[in-house]
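Read the structure below first, then the notes.
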Amino acid sequence: MSDCIFCKIAAGEIPSTKVYEDDTVLAFLDLDPQAPQHILLIPKTHIQSAADITAANSAVVAHIFEVAAKIAAEKGFSDGFRVVTNCGEQAGQSVKHLHFHLLAGRDFTWPPG
Ligand code: 5GP
Ligand code: ZN
Numbered sequence: 016m017s018d019c020i021f022c023k024i025a026a027g028e029i030p031s032t033k034v035y036e037d038d039t040v041l042a043f044l045d046l047d048p049q050a051p052q053h054i055l056l057i058p059k060t061h062i063q064s065a066a067d068i069t070a071a072n073s074a075v076v077a078h079i080f081e082v083a084a085k086i087a088a089e090k091g092f093s094d095g096f097r098v099v100t101n102c103g104e105q106a107g108q109s110v111k112h113l114h115f116h117l118l119a120g121r122d123f124t125w126p127p128g
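Just add 15 to wherever you are in the sequence shown, counting from 1, and you've got the numbering used here.
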């Protein structure tokens, strides 16, 4: 998607502070952190949201969760973190490229706001 900022970040056309990268997944720091640790995990291919995950593209989603666990272990917050994806306008999705927020370093309330 030529006008998608996360596709541009995945392609290196917009700079980001990378935390992890492989052929299919990129993790980078959120520009506007909501916790002491706030990392975004994205598939490099464009998937609009969690509503568009199918049997054909879900392997990368499983891989994203493996990467999240690896990052949590490396950064020392395996015992307390949250993974969130906002899907659609009502849930507050502002970037229409599937992404998972990996948040840690503070207490989190439940239910979320
Ligand atoms: P959403 O609101 O869609 O769930 O999350 C989008 C996230 O992307 C927000 O937390 C926002 O701070 C982050 N974000 C938006 N544009 C950029 C950008 O250009 N670079 C980085 N690193 N984060 C971004
Ligand atoms: Zn995209």
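Note that CB positions come from ideal geometry on N, CA and C, so glycine has one too.
Q | Distance between Y35 and S73 (C-alpha atoms, nearest Å) | A | In this structure, the alpha-carbon of S73 lies about 19 Å from that of Y35.
Q | Among P126, I29, D67, L46, the one whose alpha carbon lies nearest that of L55 | A | Nearest of P126, I29, D67, L46 to L55, Cα basis: L46.
Q. What three-state label does DSSP hand V34 in the structure shown?
A. In the three-state scheme derived from DSSP, where H, G and I count as helix and E and B as strand, V34 is classed as strand.
Q) What did DSSP end up calling F115 once you bin it into helix, strand or coil? A) DSSP places F115 in the strand class (E or B) of the three-state scheme.
Q: Return yes when the Cβ of L118 is within less than 7 Å of the Cβ of H53, no when it is not.
A: Going by C-beta atoms, H53 is nearer than 7 Å to L118.
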